[in-house]
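In what follows, a structure is listed as structure tokens, so that the remarks can point back to it.
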DNA sequence: TGCAATCATTAAAGCGGTTTAATTAAACCG
DNA sequence: CGGTTTAATTAAACCGCTTTAATGATTGCA
């Protein structure tokens, strides 16, 4: 690759001049500009992004730390998130450095990334990395709340408790009292949050919570989310009475629907179904169309991007944003 | 941020020594190593990735050029592709620089990216960028074939013609003669390829091709892929006779299924359905489970990654890889 | 015509690392 | 013990660009 020196030499100017021709930060006379550009073209010269970054201490790149499970297909949630981040960052001229590498134990191996800021997904409890970025003065925004909470850290998150509460209240006010609750895995904070939200709704309406049959996704038992829905429905159908089922995701709901077809249960006449998240974004396309909560992962990502960009301009920026989830009533629920 | 100089000074050694402690490219005595590391820790020093990249001319980053439509949700195909690229590259210690920025008209603005190689999606006809990367000596691999074909350019691609041919042959040998073919948009090469593959199957089996009613996706007419399937099915059901429908994607098939339910058409008893691509990866989870072609976008991505990594080691590498698509027969088809 | 102001250009000093060639110190050996 | 290896360290050059301060060349104005 030709360098700026080659161009400067051949065009008979200094490299400072060539630099200015390309960066346009200083006026260069027309004849000189023309000569430089033509020489550059002839040599196939393009400014070296790395060298430039080193000099100006800016890369126009945003890092996205995204853990990826080993077996790991990226979840739909992550994808939509990513989409939001991309759109927002691209709009402001930033590119995304996807970082799904597992972290090196060896601190010696750790190097500061070629990024101007970082968005981090699903931070862990007492996440070491957060301090490290702060130490390096690299602006950071989390998607998901920091644990422990820290008012100096910017993040965006859903309010899962509120979301489950809304769903619970909706079903209760529609006359449903007993339901099957297909929550996600037992060990996740989101499950706890949802559970307490649901309890709150029952409490508020004065209905005893033992009307709710709670289940959890278990990887070993359920091969796919759909299996989880299908098997739970088949298993619980006769065992306990319920007029509604609250499902982890739309994929799980797909399994429930399959079971209802086999069982001859009509949705929504005999059974109402609500999905707590719209992963595959298929609610609109299912039969019947699925009442579900719109988690707006994309908004989450976009907002994270927005805040980060702001923070890269003004490092003192701190913003903590809870994105409201929307319950969208479609055809899979009815009031009793 | 502390620099290598700060560390060197405080530890009372030269920067070359500090460099070696971190890069481990040269043995440094234990006492010195310890001293340097402790000083580094104290100062919160981490090697600067950009400076290092400039010096060693290597970034361990792979660029992914991925056009993103303006309205644009990323398609499932792209996502699975991306997933494949990520997995393969991560495995070898590379990170991904996502580049969805529209290209600058102004060549002046174009700078060589901080990447060691590039994967490019959906290259355009006579794509300027390809030459540019070659000029810059940056290894590149395409996903999708270059147009015009060029035996010096590495790429991976599906064989859409063969794929449609297989589907056509499968249906014909199962006794289906007339079908509804919901192809993708008319102006895409993939549509042409599929059409000619399908024709070939008919020719081979000696069945006149006018038994096939071909439709195309039209953005203005069909709000969603599902609408495309639903509307086409509703419209054509009485107009022309057919015992099978070949659908663009699984989303489209979802619309077809909805229509059959409303029309009281049983799948697969009265109608067989095959999807030409498994975008939402929901074939398994639909009712009935959908017979579909597994495009293996993820494999495409992973293979592109593999070839690129190879090419970064040995720039003379050229590989052109056609990934076979698999027709997976599930429950939505039957032989007559 | 002389002096200040303006404009275009350049030389050189960074940016923060790596690496080569030279130097010093320690170890080995007959 | 002198001479040769070997190992550890360093000084300085370099990677390719930006930017500051200095230098000339022009222009404006009285």
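Protein chains in written order, with UniProt numbering: chain A, 1 to 336; chain B, 1 to 336.
For glycine and all other residues, C-beta sits at the position ideal for the given N, C-alpha and C.
Item	Value
For residue 143/B and residue 154/B, believed in contact at Cβ under 8 Å, the rounded distance	About 10 Å; that fails the 8 Å criterion.
Test: residue 306/B CB closer than 8 Å to a CB of chain A	no
Chain A contact residues for residue 137/B, given Cβ-Cβ distances below 7 Å	1
Short Cβ contact (8 Å threshold) for residue 218/A with residue 198/A	no
Limits of the unbroken alpha helix (DSSP H) element including residue 33/A	30-43
DSSP beta-bridge partners of residue 287/B	DSSP output for residue 287/B lists no bridge partner at all.
Three-way DSSP call (helix, strand, coil) for residue 160/B in this model	helix
Under 9 Å from the C-beta of residue 53/B: neighbouring residues of chain A	50, 53, 54 and 114
Contacting residues, own chain, Cβ-Cβ under 7 Å from residue 342/A (five flanking each side not counted)	Any property of residue 342/A remains undetermined from this structure, which presents chain A solely from 1 to 336.
For residue 99/B, the first and last residue of its enclosing beta strand (DSSP E)	95-99
Partners in chain A for residue 101/B, counting only beta-carbon separations shorter than 8 Å	90, 93 and 95
Neighbour list for residue 111/A in chain B, Cβ cutoff strictly below 9 Å	22, 46, 47, 48, 49 and 52
Minimum length 4: unbroken alpha helix (DSSP H) runs contained in the segment 246-331 of chain A	250-263 and 297-313
Under 8 Å between C-beta atoms of residue 119/A and residue 305/A	yes
Helix, strand or coil at residue 113/B according to DSSP, with G and I counted as helix	coil
Closer than 8 Å to chain B by CB, residue 189/A	no
Meets three-Cβ-pair contact criterion under 8 Å: the segment 255-271 of chain A and the segment 224-242 of chain A	yes
Residue 180/A: first and last residue of the uninterrupted alpha helix (DSSP H) it sits in	Where residue 180/A is concerned, there is no enclosing alpha helix (DSSP H), although the beta strand (DSSP E) it sits in stretches over 179-183.
Boundaries (first-last residue) of the beta strand (DSSP E) holding residue 83/B	It is not in any beta strand (DSSP E) - residue 83/B instead sits in the alpha helix (DSSP H) that spans 76-91.
Residues in the segment 242-275 of chain B having any Cβ partner in chain A nearer than 8 Å	251, 254, 255, 257, 258 and 261
CB contact check: residue 221/B to chain A, cutoff 8 Å	no
Option in 320/A, 193/A, 186/A and 169/A with minimal Cα separation from residue 179/A	169/A
8 Å Cβ cutoff, residue 287/A in contact with chain B	yes
Per-residue burial, residue 31/B [other beta carbons within 10 Å of its own, 16 or more giving buried]	exposed
Short CB-CB distance (under 8 Å) between residue 312/B and chain A	no
For residue 56/B, the nearest candidate out of 37/B, 115/B, 86/B and 82/B (CA to CA)	115/B
Span of the alpha helix (DSSP H) around residue 174/A	It is not in any alpha helix (DSSP H) - residue 174/A carries neither H nor E in the DSSP assignment.
Beta-carbon gap between residue 283/A and residue 330/A smaller than 8 Å	yes
Assigned secondary structure, residue 199/A (DSSP; H/G/I helix, E/B strand, else coil)	helix
The segment 207-239 of chain B: positions lying closer than 8 Å to chain A by Cβ	224 and 226
Per-residue DSSP class, three states only, for residue 68/A	coil
Exposed unless 16 or more other CB atoms sit within 10 angstroms - verdict on residue 25/A	exposed
Paired residues, beta bridge with residue 230/B - DSSP	According to DSSP, residue 230/B bridges with nothing at all.
Meets three-Cβ-pair contact criterion under 8 Å: the segment 6-16 of chain A and the segment 37-47 of chain A	yes
Nearest-angstrom Cβ-Cβ length linking residue 271/A and residue 291/A, presumed shorter than 8 Å	Not confirmed; about 12 Å, so no contact.
Contact set between residue 290/B and chain A, taken where Cβ atoms lie within less than 9 Å	None at all; the shortest Cβ gap to chain A is about 12 Å.
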